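K.L.:
In this note's numbering, the protein residues as written are 296 to 576. Note that the Cβ used here is the ideal one computed from N, Cα and C, for glycine as well. Remember, predicted model here, so these are calculated numbers, not experimental data. Dumping the structure here so I can ask a few things about it.
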């Protein structure tokens, strides 16, 4: 069933687990996420970035995600991930997305607050959830180079001000994680997370969840993270399975797609277990 991510995250925050938020990049990955969520009886958040909306075709991508979420036997939110454009936010809301993120983290704090407030007001007018980001979360977000990780971590007092003055429903603070594949041991500033958690009432989001050791994810959740974003690991699983299928001489697209779907399902299942949201749907 298609639902608001605010409901999923508020419940997760109260009960001390996290909701897995999975980026989809094609039809196989989309259905792998839904199938694993149903198998594990877990609520999930389907995410897509503007880059992949453009690559797939925005209207088609939104339609297939919306229909899959509505038909699912577990709660599924449909989320616009990492938009730095208010135009994409309005487009997503018009196409029944139940959650939107504005990434104004590169702007000065006052401008981040102003744009985040604009997004929150637009989202709330349709019953959707608004997420914002503070600090620089490094790495590569699809085709957008965001620089090295950890160059600008979220300030706890600024985080409190952003949430208070913008009215957003969830915050993604930069804690040292990065988008894409890690080239060295990732580090999460847990002390900073504790300070932000103490000052910010809304659910907190961990971006760059792919490749972070399981023990660090568990600790982050125990310290107050309510949403964990996973994208790159799904792409890696899909690509590996497709390579194997093609190398084995598969010529039928659906056969290769099923192999890829199965590989992605295993990753999603593992992340659902890690987040502790299995059985919560």
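Taking just the CA atoms, how far does residue 382 sit from residue 421?
P.N.:
So the two alpha carbons sit approximately 15 Å from each other.
K.L.:
Between which two residues does the alpha helix (DSSP H) containing residue 491 stretch?
P.N.:
Taken as a continuous stretch (DSSP letters only), the alpha helix (DSSP H) holding residue 491 covers 485-494.
K.L.:
Which first and last residues belong to the alpha helix (DSSP H) in which residue 548 is found?
P.N.:
Residue 548 -> alpha helix (DSSP H) spans 548-570.
K.L.:
Contact defined as beta carbons within less than 8 Å: I believe residue 315 pairs with residue 567. What is the distance between those atoms, to the nearest angstrom?
P.N.:
Contact flag correct, Cβ pair sits at about 5 Å.
K.L.:
Using the beta-carbon count (16 or more within 10 Å), is residue 548 buried or exposed?
P.N.:
It is exposed - the Cβ of residue 548 has fewer than 16 other Cβ atoms within 10 Å.
K.L.:
So the candidates are 462, 459, 486, 537; which of them puts its Cα closest to the Cα of residue 471?
P.N.:
Minimum Cα distance to residue 471 is reached at 486.
K.L.:
By Cβ distance below 7 Å, which residues in the same chain neighbour residue 438 in space, the five residues on each side in sequence not counted?
P.N.:
Any answer about residue 438 is weak, because its pLDDT of 49 lies below 50 and its placement is not dependable; what the coordinates show is given next. Cβ within range, chain order: 346.
K.L.:
Helix, strand or coil: how does DSSP classify residue 536 here?
P.N.:
Residue 536: helix per DSSP, three-state reduction.
K.L.:
If we count Cβ pairs, one from each stretch, closer than 8 Å, do we get three or more for the segment 310-324 versus the segment 520-529?
P.N.:
Yes, the segment 310-324 touches the segment 520-529.
K.L.:
Measuring CA to CA, which of 298, 304, 296 is closest to residue 465?
P.N.:
For the residues 298, 304, 296, the minimum Cα distance to residue 465 belongs to 304.
K.L.:
In whole angstroms, what separates the C-alpha of residue 489 from that of residue 355?
P.N.:
Cα to Cα, the separation comes out at about 41 Å.
K.L.:
Below 8 Å CB to CB, which residues in the same chain sit around residue 399 once its five sequence neighbours on both sides are set aside?
P.N.:
Closer than 8 Å at Cβ, skipping near neighbours: 379, 406, 407, 410, 411, 427, 428.
K.L.:
Compare the beta carbon distance of residue 369 and residue 403 with 8 Å and say whether it is the shorter of the two.
P.N.:
Going by C-beta atoms, residue 369 is not nearer than 8 Å to residue 403.
K.L.:
I think residue 491 touches residue 449, with their Cβ atoms under 8 Å apart; what is that distance to the nearest whole Å?
P.N.:
Going by Cβ atoms, the distance from residue 491 to residue 449 rounds to 6 Å, so yes, they are a contact pair.
K.L.:
Kindly indicate which three-state DSSP category residue 447 falls into: helix, strand or coil?
P.N.:
The answer is strand: DSSP assigns residue 447 an E or B state.
K.L.:
Under the DSSP definition of a beta bridge, which residues are partnered with residue 468?
P.N.:
Its beta-bridge partners are 429.
K.L.:
With DSSP run on the structure shown, which of helix, strand or coil describes residue 298?
P.N.:
In this structure, residue 298 counts as coil in the three-state DSSP scheme.
K.L.:
As a quick exercise: from 353, 483, 367, 401, pick the residue whose alpha carbon is nearest that of residue 511.
P.N.:
Out of 353, 483, 367, 401, 483 has the C-alpha closest to the C-alpha of residue 511.
K.L.:
Taking Cβ positions, are residue 334 and residue 564 nearer each other than 8 Å?
P.N.:
Against a cut-off of 8 Å, the Cβ pair of residue 564 and residue 334 comes out as a contact.
K.L.:
Where does the unbroken alpha helix (DSSP H) through residue 379 begin, and where does it stop?
P.N.:
Segment: none, residue 379 is in no alpha helix (DSSP H) and carries neither H nor E.
K.L.:
Starting from residue 365 and walking both ways along the alpha helix (DSSP H), at which residues does that stretch end?
P.N.:
Its alpha helix (DSSP H) spans residues 353-366.
K.L.:
Going by DSSP, what residue range makes up the alpha helix (DSSP H) through residue 414?
P.N.:
Taken as a continuous stretch (DSSP letters only), the alpha helix (DSSP H) holding residue 414 covers 404-420.
K.L.:
I need the boundaries of the beta strand (DSSP E) containing residue 316, first residue and last residue.
P.N.:
Segment 314-318, the beta strand (DSSP E) holding residue 316.
K.L.:
If you measure between the beta carbons of residue 299 and residue 372, is that distance less than 8 Å?
P.N.:
Yes, the pair counts as a contact, with Cβ atoms nearer than the cut-off.
K.L.:
How many angstroms separate the CA atom of residue 362 from the CA atom of residue 329?
P.N.:
Distance between the alpha carbons of residue 362 and residue 329: 11 Å.
K.L.:
Write down the C-beta distance between residue 341 and residue 374 rounded to the nearest angstrom, noting that I regard them as a contact closer than 8 Å.
P.N.:
Yes, residue 341 and residue 374 are in contact; Cβ-Cβ is about 7 Å, under 8 Å.
K.L.:
Which residue marks the beginning of the alpha helix (DSSP H) containing residue 331, and which one marks its end?
P.N.:
It spans 322-335 - the alpha helix (DSSP H) in which residue 331 sits, taken as one unbroken run.
K.L.:
Note down, in chain order, each residue of its chain lying with its Cβ closer than 6 Å to the Cβ of residue 460, except the 5 sequence neighbours on either side.
P.N.:
So the qualifying residues of the chain are 408.
K.L.:
CA-CA distance, residue 505 and residue 351?
P.N.:
Their Cα atoms are separated by approximately 22 Å.
K.L.:
Whole alpha helix (DSSP H) runs in the segment 497-541 with 4 or more residues, listed along the chain?
P.N.:
The qualifying runs are 509-517.
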